[in-house]
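These protein sequences, in sequence, are chains A and B. Residues 7 to 670 (my numbering) make up the first sequence, in order. Residues 7 to 670 (my numbering) make up the second sequence, in order. Note that beta-carbon positions come from the ideal geometry of N, C-alpha and C, so glycine has one too. Quantities reported herein were computed from a predicted structural model and do not represent experimental measurements.
2 protein chains.
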Amino acid sequence: MAEAATHNGLAAFGEGRQRVLIEHVTPQVDAGHYPIKRVVGDLVTVEADIFADGHDVLAAVLRVRGPADQSWHEMPMTLLGNDHWRGVFSVETIGTYTYTLVAWIDRFATWEHQLHKRVEAGQEVQVDLLIGAALVDEAAAHAPDPVAATLHGFAAALRAGDAEAAFTPELARLMSLHLPRQFATAFERELHVTVDRPLARFSAWYELFPRSAALEPGKHGTFMDVIARLPYVAELGFDILYLPPIHPIGRQFRKGKNNSVTALPGEPGSPWAIGGPEGGHKAIHPELGTLEDFHELVAAARSYGLELALDIAFQCSPDHPYVREHPEWFRARPDGTIQYAENPPKKYQDIYPFDFETSDWQGLWYELKSVFEYWIAQGVTVFRVDNPHTKSFRFWEWCIGSLKRDHPELIFLSEAFTRPRVTYNLAKLGFTQSYTYFTWRTQRWELAEYLLELTQTEIKDYFGPNFWPNTPDILTPQFYPGHRSVFLTRVAMAATMMASWGMYGPVYELMQHVPAQGREEYLNNEKYEIRHWDLDDPNSLRTFIARLNQIRKTNLPLQRNANVRVHPVDRNFALNEQLFAYSKTTDNATHIILVVVNLDPEQVQSGWVQVPVDEWHLGATYLAHDLLRNERYVWQGEYNYVSLDPATMPVHIFRLERQEELPR
Amino acid sequence: MAEAATHNGLAAFGEGRQRVLIEHVTPQVDAGHYPIKRVVGDLVTVEADIFADGHDVLAAVLRVRGPADQSWHEMPMTLLGNDHWRGVFSVETIGTYTYTLVAWIDRFATWEHQLHKRVEAGQEVQVDLLIGAALVDEAAAHAPDPVAATLHGFAAALRAGDAEAAFTPELARLMSLHLPRQFATAFERELHVTVDRPLARFSAWYELFPRSAALEPGKHGTFMDVIARLPYVAELGFDILYLPPIHPIGRQFRKGKNNSVTALPGEPGSPWAIGGPEGGHKAIHPELGTLEDFHELVAAARSYGLELALDIAFQCSPDHPYVREHPEWFRARPDGTIQYAENPPKKYQDIYPFDFETSDWQGLWYELKSVFEYWIAQGVTVFRVDNPHTKSFRFWEWCIGSLKRDHPELIFLSEAFTRPRVTYNLAKLGFTQSYTYFTWRTQRWELAEYLLELTQTEIKDYFGPNFWPNTPDILTPQFYPGHRSVFLTRVAMAATMMASWGMYGPVYELMQHVPAQGREEYLNNEKYEIRHWDLDDPNSLRTFIARLNQIRKTNLPLQRNANVRVHPVDRNFALNEQLFAYSKTTDNATHIILVVVNLDPEQVQSGWVQVPVDEWHLGATYLAHDLLRNERYVWQGEYNYVSLDPATMPVHIFRLERQEELPR
């Protein structure tokens, strides 16, 4: 309840003459508790209900402060009608922008508006002109000398009975600049925008295991082998090369092939069992190379237009130095042992989780943050964070907030495959991008619903979806039969539905599809062993994937999220549930991408896709240019026939082009 | 942005080990800035998203403090699924309730849950039992002696290896009472509920002009005449008798009959031109009677079950004592005159508005509040406030807030016929009830839409609609032809759609319908002259109105708002737009009211009204009991035929009754 209702007296009330209210300000996340997210070049459109008692004319401005600004910039707001106002600002620098609103009674505009009606009605206005002259004099008293003289001139004209002088545009302009904003209302909160670089929204990730990157089968891959692999990854068109943890791997309770409980001698263990005698989260697994090699890899990747993403998994093997140096950061059991990770009745004795309820939580937080800082100092700007939802929320808010204040270029990808509230909350707390449920959305209706949830509900202002068809942890059942069509449609949807996507290779392009017994996971998973891949396999999807990434880069609509829209495809006057069509366009539909996917891996599917020709100003006849096959179809009207054969190519990615664009 | 993101250091961070988050708490008005409203006996259902990192079991409580409570009461919250929780409390006392939420990791439940899974899997649990025993000992240390002993017994059993002891309901109960809530998260805001008496929601208002209440034509009515009129108003079934301003009326610029610019000698003027030589807002117009007479009227009304509502119009005639005593409360014009009310080019020279931007705004606020206090001291508990939207919002928030703190029984009706944002905002600021746009909603679709807006959107938590078919200021065009049917349907809808309604009589029951030239207002309006009414006119609607109020009192569903629902009425397989059907039921449909209205004043309209028989558990055959005509129809199934003739009775008010209820 506001101050007002809790005090009978007025002594502590503040300025009771503020008459303007500002309400329902959007965008806002949880009443301004968390920032919204944007990338440089974006517009932020702020709307609010702004009104006062009575019928006076109001004025309102957006106040905006960029990361380097010492003071506010003001942008005018416009009344859209029904007391609803809008203002827009653009964000041009990475870092945190702050915005708020100020509104007040526009005394001059109110006076001018009423004078106009009096003059129209032929009323005597002498006294009204005197009232106006006093306002003009008040503005003059707050204006620099030459302007003050101009204003005094206007005041004199009004006093002399010149009503027309009141309606001079120049006077209105000067009055809006210099008349004090009496009893102005400032919106009660300052709101924040986390502004990231474009890669935060538009990015293609490729994950590979460095230890499987050796040219020679059976050999442990190194950073140098990864450097040799860079041309391949760049040719596929990716932006970010993501490596699983590169740290020393634990010895005690090391897992063997296919997650067997005991490793045989010589088995490499899981890179997520972090820490050994050689060091912990700030050390490099010796078989991968040295810190100098790592620096070389970072630089080489950059020369191919790739940024390196490291995997930050805050957990320790029993051999991690932290276990010895900071036993207080782990939970002790009554028998003197350290509590290993569990999901009863399952036990993960190779992993010790940190105890975020430790009495030395501050020491733990500083140390964990210093892990990021260490790798930032080595040139890393992108982090994929393993299971952030099993670590304290408040830690992430503080850690990412502090790191981004010093390094606003950082990108954090949250790997939280958990309940929606938790997944979305991590994005509020600061994670730039997040893995999603896309991997499990396979039916038309659930894909459509999910796209709607991600792009049309309040989460769109803070949640950065990243669509992955697979990960080392996830091989979903639709892949088990090994249909090439499924591999094509899933990767095409991931790459064109959302501006950010990623895949785990070379497993994916080589269409690995055999699951481990009883789990949605790969057999002979690289998590537990070194593999060797034939990148030149003639069945590889590499050229298809390269084409997808190239289409993304040359078609602006695919670089945004909020513009996605689902279209029905009918067959025999009913929805064909096997054909999923969706579009993405630039504003005003100057550039239109329409994707049609056959979700049925076995049958040809056909139907009539509905195109909003009028809304998109396509005219009677237009061209559907399939960017995948570089084929052009002449389409007419609202419904056009499509047919997709899973045996050949189950996806259309059309650019719809107007007639006048045809010859080019 | 939260504290966390703005500090690199942890010194000022607070407790970093709070792991639980509380979000999306409902109900809340503008992030808790304003209270929600309820009446005594209501339940407040609070929901929230509550979750933590990881997979621990959580516990949450609602904390509630009533108007007289010194400390919090706690109500458990229940997990509904998907991290969404619900708790309920009831409000039993008028005044302000405060509620908030607290949630924490339930360490014992987490341990018990995991132990259960381990035992099921046949695992060794000796160490786990020791962990549990330590928790039980911790609880014992915080429990009173006898309980501590019981808990120590449980701890001993666990230490002795008795896993079954862990699952004793008694242990769970004691642990939930005594184990400290470690690192609990309190919701960041305290939220408020304004709890009013039932009359605040369920009320029927009757407005009359005391000066027209004399038995003898041409005589100025008095409070004594109003006392003589009380049996009539009570017989009609009203709860509140509302009088236009009763204060001395200004002389200068007094308005004559039909709002003519100059009054003839002897014309009484408008009661809203408040203040004369006899006094202002705390004085009584001498022709109405004395303060003693007024006290008698208050007491007599109460003896008939009626409360008196006064009209508070904060404006002054040029003769008001404030004009002389406090010229600083009005706006001065450069020619030395006081600024009268205007809506250019219209001038209202008989009215001076207060200047809420006066430098003595505090003096003005105190004085205006003292007007309410004066009449409260005379026994008035209900106020109708004239044009509150032309007075400062902050004044209302302070004034109503302060008054209700001392007098929580007060009811304030806002007469703000203005834009929706402003109308709704006055309700947030404290007005109990509000006039609505009902008066102008005449089509089926717009009535349906308006009912939805009032009862299903966020405004339902703070806006108290009061439906009026007419007022002294409003005679809408549907009445002009004088159709009895329109008078019947409009008053029936006002009385049954919303729990609060009101009408301006005897004008309404006597079906006055001739408008003043060019305005939606009555000809020969009582605002400007004394009228005389023949209450015994055989065409009077008095018995119909009495029947409506009686139906309201004996049918609980009509005493709430949120339960209204619109039903289609079909004719020839299309919606009959002339028949409007809506229902109100108690929870679980134990009591069902179904109203059908013929909106067409000239033609018989018929159709098939759709009844959700399954949802309402009505069975194959049920009774539709028309409470207006006391006629019973046997209905079958989902669609039943209705036919309404405007020439006889254009409204059905059915109570739908189950077969087993039939013989009664």
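Within-8 Å CB hit, residue i to chain A
i         : result
Leu458(B) : no
Pro33(B)  : no
Ile417(B) : no
Arg25(B)  : yes
Leu16(B)  : yes
Ile137(B) : yes
His538(B) : no
Arg44(B)  : no
Ala140(B) : yes
Rounded straight-line distance, which links the Cα of residue j to that of residue i
i         : j         : result
Arg548(A) : Tyr528(A) : 20 Å
Thr228(B) : Pro324(B) : 25 Å
Ala178(B) : Phe114(B) : 8 Å
Leu221(B) : Glu273(B) : 19 Å
Leu314(A) : Gly385(A) : 9 Å
Tyr40(A)  : His519(B) : 57 Å
Ile233(A) : Ala307(A) : 7 Å
Glu29(A)  : Glu298(A) : 56 Å
Lys288(B) : Val377(B) : 6 Å
Glu9(A)   : Trp446(B) : Model confidence at Glu9(A) stands at a pLDDT of 42, short of 50, so the residue's coordinates are unreliable; what they give is reported in the following sentence. Near 36 Å, if we compare the C-alpha coordinates of Trp446(B) and Glu9(A).
Glu363(B) : Asp36(A)  : 34 Å
Asn393(B) : Ala74(B)  : 34 Å
Leu249(B) : Glu130(A) : 38 Å
Arg490(A) : Val603(A) : 14 Å
Pro652(A) : Gln611(A) : 8 Å
Trp371(B) : Pro521(B) : 38 Å
Asp143(B) : Pro175(B) : 17 Å
Buried versus exposed, by CB contacts within 10 Å (16 or more), residue i
i         : result
Phe636(B) : In the sequence under discussion, the amino acid at residue 636(B) is Asn, which differs from the Phe named in the question. Counting Cβ neighbours within 10 Å, Asn636(B) comes out exposed, since fewer than 16 surround it.
Gly643(B) : exposed
Leu303(A) : buried
Val640(B) : exposed
Pro544(A) : exposed
Gln120(B) : buried
Asn265(B) : exposed
Trp451(A) : exposed
Ala11(B)  : In this predicted model, Ala11(B) has a pLDDT of only 41, less than 50, meaning its place in the structure is not dependable; the value taken from the coordinates is given anyway. When all chains shown are included, Ala11(B) counts as buried.
Met7(B)   : Interpretation of Met7(B) is limited by its pLDDT of 38, a score under 50 that renders its predicted location unreliable; the figure taken from the coordinates is listed afterwards. It is buried - the Cβ of Met7(B) has at least 16 other Cβ atoms within 10 Å.
Asn530(A) : exposed
Proximity test, Cβ basis, 8 Å: residue i and chain B
i         : result
Asp341(A) : yes
Lys123(A) : yes
Gln129(A) : yes
Val50(A)  : no
Arg92(A)  : no
Pro350(A) : yes
Phe550(A) : no
Of the residues that make up the stretch 358 to 381 of chain A, which ones have a beta carbon closer than 7 Å to any beta carbon in chain B? Phe362, Glu363, Trp367, Gln368 and Trp371
In chain order, what residues of the stretch 379 to 398 of chain A put their CB closer than 9 Å to some CB of chain B? Pro394, His395, Thr396, Lys397 and Ser398
May I ask you to list, following chain order, the residues of the stretch 143 to 161 of chain B that have a beta carbon less than 9 Å from some beta carbon of chain A? none
Does the stretch 35 to 51 of chain A come close enough to the stretch 157 to 173 of chain A that 3 or more CB-CB pairs lie under 8 Å? no
Segment contact, 8 Å Cβ cut-off, at least three pairs: the stretch 335 to 354 of chain B with the stretch 413 to 428 of chain B: no
Identify each residue in the stretch 413 to 439 of chain A for which the Cβ-Cβ distance to at least one residue of chain B is less than 8 Å, and report them in chain order. Arg425, Pro426, Arg427, Val428, Asn431 and Gly436
Using a beta-carbon distance cut-off of less than 9 Å, what residues from the stretch 57 to 72 of chain A approach chain B? Phe57, Ala58, Asp59, Gly60 and His61
Indicate whether the contact test is met: 3 or more Cβ pairs, each with one atom in the stretch 101 to 113 of chain B and one in the stretch 51 to 70 of chain B, closer than 8 Å. yes
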